[in-house]
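Colleague: Using our numbering, you'd call the opening residue of the sequence shown number -12 and step up by one each time. Below are the structure tokens for one structure; questions will follow.
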Amino acid sequence: MKNSFSLKGLTYLAMAFVMFLASCKDNDKIDFTSNDASNVEGETTADAFSNDATDVSTDAVNGISDTDFGSRKVISFAANDRLKCAEVTVIPSPNSTVDIPSGVITIVYPSNGSCTDARGVVRKGTITITYSGKRFVAGSTLITTFTDYTVGGIKIEGTHTITALAPSSAGNLRFNVKIAGGKVTFLGGKTITREQDFTREWQRAANPLQDKWVLLKGSSALGTTRNSTTYVMEVTEDIVHSRACWISDKVFIAVSGEKKFVTENKLVTINFGTGTCDNTVTISINGRSKEVNIAGDGN
């Protein structure tokens, strides 16, 4: 709870400060700069790749049966596009039980670049998941760390902690997803850092390929941009990630929803649209808007 309060408190303060500055200059129009698009693209790409890492970890845990959690073994994920060429190993802890399972799952991708998903993205390195508690039961946790893990050459670092929450009133599973010490290193060598506190809802469909992941309003993050300036971000309208768009249209960002992004004393609104499968967002600053296409390499 302490981390959550800190993140959201800083977000509110930063946004209030920028709105105050804007009110002092309400006759001035803020022009877009090259940094605006760069900052938005960097944060949105880092968000997408962090979300992808969370999704891969969740897929691995969900694809392991209760029986398989009982002993050390290698699990096959032939039908999972992002895991089919990785070696996934379950290692139960000595005190693991059927009612309260615990242990470690390792996901090891080949270092030779031979693991390519449907979007043509190559994964390398190792994901380590420390699990405690039954899947989907409130209070159970997954703590994910990375060793030389790259997606399309982009390096992911940090500690991701996923905690199961009580389901929504509609019965959808919900999770708190925190990131501590998050860092994304792009192909050109620039980095973006990230501390995150999200509430994530899994909206399951009859066909799993139609599932959606929703970042709920109030989720927040902060860190430094590729240009070494600080930023804070808050979700102001639920943000929807579509698995169908990810698979069929190679869309790696959200398809709907909105968030506020503050950096360089500017309040930027980032709108993902109304559900169309594309990698385009609309950014708005002080009443002016423009479309930005988000590149998969963050550059």
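Glycine included, each C-beta is placed from N, C-alpha and C at the ideal position.
Since Arg230 is in the alpha helix (DSSP H), which residue starts that stretch and which ends it?
Modeller: Sequence index remark: in the sequence shown, residue 230 carries index 243 (1-based). It spans Arg230 to Ser235 - the alpha helix (DSSP H) in which Arg230 sits, taken as one unbroken run.
Colleague: Out of curiosity, what's the CA-to-CA distance linking Gly244 and Lys237?
Modeller: The residue you call residue 244 lines up with position 257 of the sequence shown. The residue you call residue 237 lines up with position 250 of the sequence shown. In a straight line, the C-alpha of Gly244 is about 19 Å away from that of Lys237.
Colleague: Could you give the residue range of the alpha helix (DSSP H) that holds Thr41?
Modeller: In the sequence shown, counting from the first residue as 1, residue 41 sits at position 54. Residues Ser21 to Asn49.
Colleague: Give the list of continuous alpha helix (DSSP H) stretches no shorter than 4 residues that lie fully inside the region 60 to 140.
Modeller: Within the region 60 to 140, no complete alpha helix (DSSP H) run reaches 4 residues.
Colleague: For Leu70, which residues in the same chain have their Cβ closer than 8 Å to its Cβ, ignoring the five residues on either side in sequence?
Modeller: Sequence index remark: in the sequence shown, residue 70 carries index 83 (1-based). Within the same chain, Leu70 has close Cβ partners Val43, Asp46, Ala47, Gly50, Phe64 and Ile94.
Colleague: Check Leu196 in the structure and name its three-state DSSP category.
Modeller: In the sequence shown, counting from the first residue as 1, residue 196 sits at position 209. Helix at Leu196.
Colleague: For Cys11 and Thr148, what's the separation of their Cα atoms in angstroms?
Modeller: Position 24 of the sequence shown, counted from the first residue, corresponds to residue 11. Position 161 of the sequence shown, counted from the first residue, corresponds to residue 148. At Cys11 the pLDDT is 44, less than 50, meaning the model places this residue with poor confidence and gives no usable figure here.
Colleague: Drop a sphere of 10 angstroms on the beta-carbon of Glu278, count the other beta-carbons inside from all chains shown, and report buried for 16 or more, exposed for fewer.
Modeller: Your numbering for residue 278 matches position 291 in the sequence shown. Exposed.
Colleague: Would you kindly check if the distance between the Cβ of Val171 and the Cβ of Ile130 is under 8 Å?
Modeller: One-based indexing of the sequence shown puts residue 130 at position 143. One-based indexing of the sequence shown puts residue 171 at position 184. For Ile130 and Val171, no; Cβs fall outside 8 Å.
Colleague: Per the DSSP calculation, Leu202 is bridged to which residue(s)?
Modeller: Stepping through the sequence shown from its first residue, residue 202 is reached at position 215. In the DSSP output, where bridge partners are listed per residue, Leu202 has Arg187 and Ile226.
Colleague: Whole angstroms is fine: what's the gap from Ser80's alpha carbon to Arg122's?
Modeller: By 1-based counting over the sequence shown, the position of residue 80 is 93. By 1-based counting over the sequence shown, the position of residue 122 is 135. Near 16 Å, if we compare the C-alpha coordinates of Arg122 and Ser80.
Colleague: If you measure between the beta carbons of Glu182 and Arg161, is that distance less than 8 Å?
Modeller: Position 195 of the sequence shown, counted from the start, is the residue given in the question as residue 182. Position 174 of the sequence shown, counted from the start, is the residue given in the question as residue 161. No, the Cβ-Cβ distance between Glu182 and Arg161 is not below 8 Å.
Colleague: Exposed or buried, which one is Asp13 when buried takes at least 16 other CB atoms within 10 Å?
Modeller: Your numbering for residue 13 matches position 26 in the sequence shown. Low confidence applies to Asp13: its pLDDT is 48, below 50, so where it sits in the model is not reliable enough to give any reading.
Colleague: Under a three-way DSSP split, which group does Gly260 fall into?
Modeller: On the sequence shown, position 273 is the one that residue 260 refers to. In this structure, Gly260 counts as strand in the three-state DSSP scheme.
Colleague: Out of Gly262, Lys253 and Thr263, point me to the one whose CA is closest to Ser271's CA.
Modeller: Residue numbering aside, residue 271 sits at position 284 when the sequence shown is read from its first letter. Closest option to Ser271, Cα to Cα, is Lys253.
Colleague: Can you name, in chain order, every residue of its own chain whose Cβ lies under 8 Å from the Cβ of Thr267, other than the five neighbours on each side?
Modeller: What you label residue 267 is simply residue 280 of the sequence shown in a count that begins at 1. Within the same chain, Thr267 has close Cβ partners Gly260, Glu278, Val279, Asn280 and Ile281.
Colleague: Let's test the definition: count the other Cβ atoms within 10 Å of the Cβ of Ser52 and tell me whether it reaches 16, buried, or not, exposed.
Modeller: The sequence position of residue 52 within the sequence shown is 65, counting from 1. So Ser52 ends up on the exposed side.
Colleague: Kindly list the residues whose CB is nearer than 6 Å to the CB of Thr115, restricted to its own chain and excluding five residues on each side of it in sequence; keep chain order.
Modeller: Along the sequence shown, one-based indexing puts residue 115 at 128. Excluding sequence neighbours, Thr115 sits near Thr93 and Thr132.
Colleague: Under 8 Å, with one C-beta from each stretch per pair, do the region 28 to 44 and the region 200 to 214 reach the 3-pair mark?
Modeller: Counting Cβ pairs under 8 Å, three or more are found: they touch.
Colleague: Please state whether DSSP places Gly244 in a helix, a strand or coil.
Modeller: By one-based count along the sequence shown, residue 244 stands at place 257. Strand.
Colleague: Who are the Cβ neighbours of Pro195 in its own chain at under 8 Å, not counting the five residues just before and after it?
Modeller: Position 208 of the sequence shown holds residue 195. Contacts found: Arg230.
Colleague: Given this structure, state the Cα-to-Cα distance separating Glu30 from Thr263, to the nearest angstrom.
Modeller: Your numbering for residue 30 matches position 43 in the sequence shown. Your numbering for residue 263 matches position 276 in the sequence shown. Distance between the alpha carbons of Glu30 and Thr263: 21 Å.
Colleague: Compare the Cα-Cα distances from Lys60 to each of Thr216, Gly90 and Val201 and report the closest residue.
Modeller: As a working mapping, residue 60 is identified with position 73 in the sequence shown. Residue Gly90 is the option with its Cα nearest to Lys60.
Colleague: Give the single residue among Glu144, Asn67 and Gly176 whose Cα lies nearest to the Cα of Gly168.
Modeller: Walking along the sequence shown from the start, residue 168 turns up at place 181. Here the closest residue by C-alpha is Glu144.
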